[in-house]
Amino acid sequence: MDENKMNINWYPGHMAKTKRQIIDDLKLIDVVIEVLDARIPISSQNPDMQEVIKKKKQIKILNKSDLADEKETLKWIEALKSKNVSAISVNSNTGIGINKVIQEIENLMKEEKNFYEQKGRTGKTIRVLVLGIPNVGKSSFINRISKKTSMIVGNKPGVTKQKQWIRLSNNIELLDTPGVLWPKFESDEVALNLAFTGTIKDDILPKTEIAYRLVKFLIKNYLNNLINRYNLNLEEIKSILNQDGAENNNIYEVMCLIGKKRGCIVSGGNIDDEKVSNILLDDFRKCKFGRITLEKVVD
Ligand SMILES: Nc1nc2c(ncn2[C@@H]2O[C@H](COP(=O)(O)OP(=O)(O)O)[C@@H](O)[C@H]2O)c(=O)[nH]1
Ligand SMILES: [Mg+2]
125 MDENKMNINW YPGHMAKTKR QIIDDLKLID VVIEVLDARI PISSQNPDMQ
175 EVIKKKKQIK ILNKSDLADE KETLKWIEAL KSKNVSAISV NSNTGIGINK
225 VIQEIENLMK EEKNFYEQKG RTGKTIRVLV LGIPNVGKSS FINRISKKTS
275 MIVGNKPGVT KQKQWIRLSN NIELLDTPGV LWPKFESDEV ALNLAFTGTI
325 KDDILPKTEI AYRLVKFLIK NYLNNLINRY NLNLEEIKSI LNQDGAENNN
375 IYEVMCLIGK KRGCIVSGGN IDDEKVSNIL LDDFRKCKFG RITLEKVVD
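Take 125 as the starting number for the sequence shown in the working numbering and just add one per residue.
Printed below as a string of structure tokens:
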């Protein structure tokens, strides 16, 4: 496989309209919550929107933290903190981290609240908007944070386009519909990260290519996880990887070995690339390799 030939055929529609809508919504908003995938904190953001979001108080949610390498997530939180950006790791399936988010919303608005109170104006409502690319967990997060006790407020029947707000506490309200950002393929790496995690559909690149690149990443960064998952022999893998010739061929050989172990063989004894690719990607998405972070903090 030729790594220099990745033909990414994908074009996001409605970008300008979506952006305008979000900019419009932001006028009503005090705090923006951007939901990111903890495994890919860079690739899961939308770089075009950062300029817009930056003007607001914001909290970055490192969601799906149960799937990411815990120590890497901590590093991300520290790195963002050092840039004065609040970041909180969350598992929107279980609700871990949700209370911290509520606290942080209050915390970010403390000065403003004091300011209002000094003027004798109490009871200011903090308004919050959730943003993120598809499949990052926005709906799950909103469900979690709004729990069952929350109330929908500001609902006027018959009025379309009326914004609905969910009351999270005495003084916090959340817009019930998140802003859906579009993913952006700034590089092959970004596209691959989005593909590995299943954030975007597989049809963007050949599945075998995605799986091959996943194996390559795992060999470099999480070799033990790969070996444990498929009961591979470390010495055997090392000797394959140390063979003369193209690195790509060696990595493909490891992929074939995994295929053989998993019975992905077609008539004639060849490896069924498609089948082994499906197994690899499925295993990754189901966290069968353990908790893995694809994008690490670089200093
Ligand atoms: N493991 C895990 N899965 C999550 C988490 N949050 C969401 N998901 C899953 O990610 C998928 C997409 O979530 P959804 O809330 O629909 O994303 P949305 O498109 O951003 O609204 C669903 O299968 C969720 O169950 C999380 O914190 N951990
Ligand atoms: Mg959703």
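Every residue, glycine too, gets a C-beta built ideally from N, C-alpha and C.
Here the structure is a predicted model, which means the values were calculated and not measured.
On the three-state DSSP scale, how would you describe residue i?
i: D406; result: helix
i: G383; result: helix
i: I183; result: strand
i: V400; result: helix
i: I222; result: helix
i: N215; result: strand
i: L356; result: coil
i: W200; result: helix
i: S189; result: coil
i: I389; result: strand
i: E310; result: coil
i: I257; result: coil
i: I269; result: helix
i: S264; result: helix
i: L152; result: coil
i: L305; result: coil
Within 10 angstroms of its Cβ, does residue i collect 16 or more other Cβ (buried), or is it exposed?
i: F309; result: buried
i: F239; result: exposed
i: D397; result: buried
i: A315; result: buried
i: N170; result: buried
i: E419; result: buried
i: N348; result: exposed
i: D423; result: exposed
i: T218; result: exposed
i: G256; result: buried
i: V390; result: exposed
i: E371; result: exposed
i: K340; result: buried
i: E236; result: exposed
i: A335; result: buried
i: G303; result: buried
i: A473; result: The structure shown has nothing for residue 473, since the chain only spans 125 to 423.
i: N317; result: buried
i: L311; result: The sequence shown places Ser at residue 311, not Leu. That one is exposed.
i: T417; result: buried
i: T246; result: exposed
For residue i, which residues of its own chain have a beta-carbon under 8 Å away from its beta-carbon, when the five flanking residues on both sides are left out?
i: S189; result: A162, T197, S213, V214, N215, I220 and G221
i: V252; result: I153, D154, V155, V156, I157, I229, L292, I296, E297, L298 and L299
i: V176; result: K143, I146, I147 and L150
In chain order, what residues of the same chain lie with their CB nearer than 7 Å to the CB of residue i, ignoring the 5 residues before and after it?
i: E187; result: Residue 187 is actually Asn in this sequence, not Glu. Closer than 7 Å at the Cβ level, and outside the excluded window around N187, lie V159, L160, D161, A162, V214, S216, V260, G261 and F265.
i: R415; result: L191, A192, D193 and E194
i: K384; result: I395
i: N374; result: I364, L365 and Q367
i: K412; result: R353
i: S168; result: L160, D161, I257, V260 and T323
i: I166; result: E419
Is there a Cβ of chain B sitting closer than 9 Å to that of residue i, yes or no?
i: V159; result: Here chain B cannot be found, since the structure has a single protein chain.
Using a Cβ-Cβ cut-off of 6 Å (strictly less than) and excluding sequence neighbours within five positions of residue i, which residues of its own chain qualify?
i: T323; result: N259
i: K248; result: Y240
i: I403; result: R386
i: S401; result: K331, T332 and A335
i: L350; result: L342
i: E377; result: I364
Can at least three beta-carbon pairs, one atom from the segment 199-216 and one from the segment 351-359, be found at a separation below 8 Å?
Under the Cβ criterion (8 Å, minimum of three pairs), the segment 199-216 does not count as touching the segment 351-359.
Decide yes or no for the touch test of the segment 174-188 against the segment 399-408: beta carbon pairs closer than 8 Å, at least 3 of them.
Proximity of the segment 174-188 to the segment 399-408 falls short of the contact definition, fewer than three beta-carbon pairs being nearer than 8 Å.
Ligand 1: which residues have Cβ under 7 Å from any of its heavy atoms, chain order?
V159, N187, K188, S189, D190, L191, V214, N215, S216, N217, G256, P258, N259, V260, G261, K262, S263, S264, F265 and P302
Any contact of the segment 288-298 with the segment 363-377, i.e. 3+ C-beta pairs under 8 Å?
no
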